[in-house]
Amino acid sequence: MKELICIVCPKGCHLKVDVDKDFAVTGNGCARGVEYAKAELTHPTRVVTSSVCVEGALHRRCPVKTNGAIPKEKIADAMKTLDGVCLKAPVALGAVVVENVCGTGVDFVSTRELEVV
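Under the numbering used here, think of the first position of the sequence shown as 9, with each following residue one higher.
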């Protein structure tokens with residue numbers, strides 16, 4: 009029996025998953041909890057957030073995130089793709105910073121608009 013706290017919504021249901029019985033889930037408040045528990049125990053994924061250097065803007069760093077979830081085992085490699093990335097202002101909100109991170113089809117995008125100073 010595995011225990012998880014569902015992170016799909018703010019409710020935070022305490023899930024119990026019986027891995028011996030075809031991932032039978034209890035404790036969920038909705039069907040999304042069942043899907044989350046099965047995915048978390050078979051192939052966990054995460055949205056990754058970070059920041060990169062920016063030149064010519066008021067702020068020296070620009071926050072970025074993946075525009076989708078990537079496999080948990082690729083997070084360290086995904087973070088390495090941001091090493092040495094330095095944007096030049098202006099930076100548009102949602103601009104692609106790194107394409108196809110680790111072959112996942114997911115991009116790092118900016119989460120803030122930065123104008124030239």
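C-beta: ideal position from N, C-alpha, C; glycine also.
Inclusion of Leu49 and Val25 in the CB contact set at 8 angstroms is warranted, their separation being smaller than that value.
Checking the DSSP bridge columns, you'll see Arg69 partnered with Cys61. Residue state for Ala103 is assigned as coil, using DSSP reduced to three classes.
Here DSSP, grouped into helix, strand and coil, assigns Ile78 to strand. Listed as beta-bridge partners of Thr53 by DSSP are Pro79.
As a beta-bridge residue in DSSP terms, Phe116 pairs with Thr74, Val106. Going by C-alpha positions, Ile13 is about 5 angstroms away from His22.
For Glu11, the enclosing beta strand (DSSP E) has its first and last residue at 10-13.
Ala32 sits in a strand when the DSSP states are folded into three classes. In summary, Thr57 is exposed, with fewer than 16 beta-carbon neighbours lying within 10 Å of its beta-carbon over all protein chains present.
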